[in-house]
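FYI, the numbering for the sequence shown is 967 to 1222, going by my numbering.
This report refers to the structure that appears directly beneath it.
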Amino acid sequence: MDKYCVIGDPIDHSLSPKIHNCLFKHYGLNACYTKFRVSTDNLKEKVDCLIKEGYKGFNVTYPLKAAIKEHIDQISYHGKNIASVNTVALSNGKLLGDNTDFRGMQLVLDPFRSEEIYILGSGNMAHTTIYALKEFTNRNITVVCRNKKAGENLKKQYPWINLMSIEFFKKENISGGVTVNTLPLNLDISHLFENKIAQVLLDCNYNQTVSLSNDLQYISGLELLYAQAIKSFEIWTGYQPTLETLKELLKKYQQS
């Protein structure tokens, strides 16, 4: 049986095992997927263990997406550019790292490629979002920063983005467009949208509840999780499930 997993900390909440095991079953693959709590302190030890135990691949989540780069043999073009790896495949004795987060982001944001985009936060996921939109040639992007220095560092890499303080965003009357929330899970963002009209909010978190006005369309981070997962699955198996296929499989799983 081929073995796969996800590593990170915290990890108990991860839905990745359910997603990938549903896909393995659907395609009749003799494979299983589990999860392990791994910190930066024991990352190398765990990677060596996964290799020794014959794992074919694994996903990487918070806080390991940058740290994992030191422990793999080859990183894809996109993984290098984003400086983040979330998918690792073992091939011919070598660990190959890639980034499917940005592909998932593109899949979810594709219907809004011509819209004005606001990105809450200036960390790794904000970088990934800008990179995804860059391939859309979308240059109408504003990064809403809590950390001014981090925002300025992003602007050095992507000079065409705009910067805005989170205080200014809160006061701004904005109609239309899309806001992508990349801020940490424990931060309440509801108060930031009190004067926003007809906006779409894509939340990179998938296990939080946000109270919003009825005028805003909310897209859960589950959409991103599913989208990046099917790209990882494709890297490992060659199969290309659609978002609709995965959602239907998970619906049947929950009903069984």
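Beta carbons: idealized from backbone N, C-alpha and C, even for Gly.
- prompt: How would you call residue 1212, buried or exposed, if buried means at least 16 neighbouring beta carbons within 10 angstroms?
  reply: buried
Cβ shell of residue 1090 (< 6 Å), same chain only, five flanking positions each side left out: 1050
query: So which of 969, 1184 and 1219 has the shortest CA-CA distance to residue 1074?
result: 1184
task: Give the secondary structure of residue 1108 by DSSP, where H, G and I count as helix, E and B as strand, and everything else as coil.
output: strand
- prompt: How do the stretch 981 to 1000 and the stretch 1189 to 1197 stand: do at least 3 beta-carbon pairs fall below 8 Å, yes or no?
  reply: yes
message: Using the Cβ count rule (16 or more neighbours within 10 Å means buried), how would you classify residue 1052?
response: buried
message: For residue 1107 and residue 1083, which I take to be in contact (beta-carbon distance under 8 Å), what is that distance rounded to the nearest angstrom?
response: 5 Å
- request: Please state if the CB of residue 1039 and the CB of residue 1016 are separated by a distance shorter than 8 Å.
  value: no
- prompt: Which residues share a DSSP beta bridge with residue 1145?
  reply: 1084 and 1167
query: Of the choices 1207, 1201, 1215 and 1220, whose alpha-carbon is the least far from that of residue 1057?
result: 1201
message: Tell me the rounded alpha-carbon separation between residue 1020 and residue 967.
response: 10 Å
message: In this structure, how does DSSP classify residue 1053 when only helix, strand and coil are distinguished?
response: strand
- prompt: For residue 1204, which of helix, strand or coil comes out of DSSP?
  reply: coil
- request: Look at the alpha carbon of residue 1147 and the alpha carbon of residue 1068, and state the distance between them as a whole number of angstroms.
  value: 14 Å
task: May I ask you to report which of helix, strand or coil DSSP gives residue 1212?
output: helix
- prompt: Under 8 Å, do residue 1003 and residue 1034 count as touching if we go by C-beta distance?
  reply: no
message: Going by C-alpha to C-alpha distance, which of 1010, 1008, 1027 and 994 sits closest to residue 971?
response: 1027
Beta-bridge partners of residue 999, as assigned by DSSP: 970
- prompt: According to DSSP, what are the bridge partners of residue 1043?
  reply: Partner(s): none; residue 1043 has no beta bridge.
message: On the DSSP bridge list, what partners appear for residue 1060?
response: 1057
query: From 1205, 1126, 1043 and 1191, pick the residue whose C-alpha is nearest to that of residue 1216; which is it?
result: 1191
field: Beta-carbon proximity check, residue 973 vs residue 1031, cutoff 8 Å
entry: no
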